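**Q** Line by line, the protein sequences give chains A and B. The numbering used here puts the first sequence at residues 15 to 124. The numbering used here puts the second sequence at residues 17 to 136. Where is the CB? At the ideal position from N, CA and C, for every residue including glycine. Only a predicted model underlies this, so the values are computations on that prediction, with no experimental measurement involved.
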Amino acid sequence: QSVLTQPTSVSAAPGQKVTVSCSGSSSNIGNNYVSWYQQFPGTAPRILIYDNNQRPSGIPDRFSGSKSGTSATLRITGLQIGDEADYYCGTWDNSLSGYVFGSGTKVTVL
Amino acid sequence: QVQLQESGPGLVKPSQTLSLTCTVSDGSVSSDDYYWTWIRQHPVTGLEWIGYIYSTGNSYYNPSLKSRVSISIDTSKNHFSLKLTSVTAADTAIYYCAIKKKNYNWFDPWGQGTLVTVSS
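Structure (C-alpha cells):
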C-alpha cells in the first residue's frame, strides 16, 4: 500500500488533456517538494517534473505540475501516442524518514 | 551527464545476500554534489526507495529495510554497492541505481536497472 495515492489509469484521445493526481498527507506532500517520473515499458523511470512544477531541460511544456495542500497534480496537454507510459509521483516523508513513491498511473491514449 | 550501470547476479537463493554494483561513468563517486542511490521496483507493489550514501560515507536507509541493507562506496573503482541480507521472494525486483543531487529531493539520472530473482 503506497503512502501516496494515484489513480490506476487515466485515458484521453490524442490532442486532449489528462490530469494525474497524487494524494498524500502533511508528513509528505504537505511539507515537501513533489517530483514526477515517466516510465516506458522495459525502461527506467526518468524525471519529468521536480520541485512541484519545474521541468528539466528537454521536457516539453505540454507537461506541467502543481501542488496544493497535501495533493499534487501532473497535467499533460496536447496528448500524443508517445505519452503512453506509467507516471509516478514521489516526495520525502518526514514521518517515515524516507523517500516515498506513488502507486503509479498508466496513461492511455485512446 | 553522469551515467550509471548496474551489475550483479540475476538469481539469488532465499536467505542469502543480494549484492549489486553500480558503475559510474563521466562522474566521480567522490563528488560532493550527489547522493548515490538505490531504488527497486516490484512487479506488483511498485517503486521503493532503498537508500543512499554521500561521498563522506554517511548513509540513509528505508526504515523498512534498514536492518538488512548496506550501501558502500569504492572510490578506487568509482562505483557504489548494495548489499541486502536474508533475502526472500519478496525481494525479487528490478534494482536501479540513481543519483540524488545534494539539497534536492528527486532522482536523475537512473541506471537501466537489473532484475534480481530470489528463488531456490
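1) Closer than 7 Å by beta-carbon distance: list the chain A residues that pair up with Gly-129/B, in chain order.
2) Report the option in Ser-39/A, Lys-120/A, Gln-30/A whose CA atom is closest to the CA atom of Tyr-47/A.
3) Return the CA-CA distance between Leu-34/B and Ser-88/B, expressed in angstroms with no decimal places.
4) Can you confirm whether Thr-61/B, when its beta carbon is compared against all beta carbons of chain A, has any partner nearer than 9 Å?
5) State yes or no: is the C-beta of Ala-58/A within less than 9 Å of the C-beta of Leu-124/A?
6) Using 10 angstroms around the beta-carbon of His-95/B, count the other beta-carbons present and answer buried if the total reaches 16, otherwise exposed.
7) Could you tell me if Ser-71/A is buried or exposed, where buried requires 16 or more neighbouring beta carbons within 10 angstroms of its beta carbon?
8) Helix, strand or coil for Ala-27/A per DSSP?
9) Identify whether Ile-89/B lies in helix, strand or coil by the three-state DSSP scheme.
10) Judging by CA-CA distance, which residue of Ser-35/A, Arg-69/A, Gly-116/A is the nearest neighbour of Leu-63/B?
11) So, using beta-carbon positions, are Tyr-76/B and Tyr-51/B closer together than 9 Å?
12) Whose C-beta lies closer than 6 Å to the C-beta of Lys-29/B among residues of the same chain, with five residues either side of it excluded?
13) Quick check: what's the CA-CA separation for Arg-76/A versus Val-17/A?
**A** By the coordinates alone:
1) For the purposes of this step, residue 129/B is taken as the residue at position 113 of the second sequence. Ordered by position in chain A, the residues that pass the 7 Å Cβ test against Gly-129/B are Ala-58.
2) Counting from 1 along the first sequence, the entry for residue 47/A is found at position 33. Closest by alpha carbon: Ser-39/A.
3) The residue you call residue 34/B lines up with position 18 of the second sequence. The residue you call residue 88/B lines up with position 72 of the second sequence. Leu-34/B and Ser-88/B have their C-alpha atoms spaced approximately 14 Å apart.
4) The residue given as residue 61/B occupies position 45 in the second sequence. Thr-61/B belongs to the set of residues whose beta carbon lies under 9 Å from a beta carbon in chain A.
5) Locating residue 58/A in the first sequence gives position 44, counting from the first residue. Locating residue 124/A in the first sequence gives position 110, counting from the first residue. Taking 9 Å as the Cβ cut-off, Ala-58/A and Leu-124/A do not qualify as a contacting pair.
6) Within the second sequence, residue 95/B is the residue found at index 79, counting from 1. Under a 10 Å Cβ-count criterion, His-95/B is classified as buried, with 16 or more other Cβ atoms of the shown protein chains found around its own Cβ.
7) Counting from one through the first sequence, the residue named residue 71/A turns up at place 57. Exposed.
8) Against the first sequence, residue 27/A aligns to sequence position 13. Here Ala-27/A sits in coil by DSSP.
9) In the second sequence, residue 89/B corresponds to position 73, counting from 1. Strand.
10) Residue numbering aside, residue 63/B sits at position 47 when the second sequence is read from its first letter. Measuring C-alpha to C-alpha distances from Leu-63/B to each of Ser-35/A, Arg-69/A, Gly-116/A identifies Gly-116/A as the nearest.
11) As a first step, residue 76/B must be located in the second sequence, where it is residue number 60. As a first step, residue 51/B must be located in the second sequence, where it is residue number 35. Tyr-76/B places its beta carbon less than 9 Å from that of Tyr-51/B.
12) Working through the second sequence from its first residue, we reach residue 29/B at position 13. The answer, listed in chain order, is Ser-136.
13) Here residue 76/A refers to the residue found at position 62 of the first sequence. Here residue 17/A refers to the residue found at position 3 of the first sequence. Those two C-alpha atoms are separated by around 27 Å.
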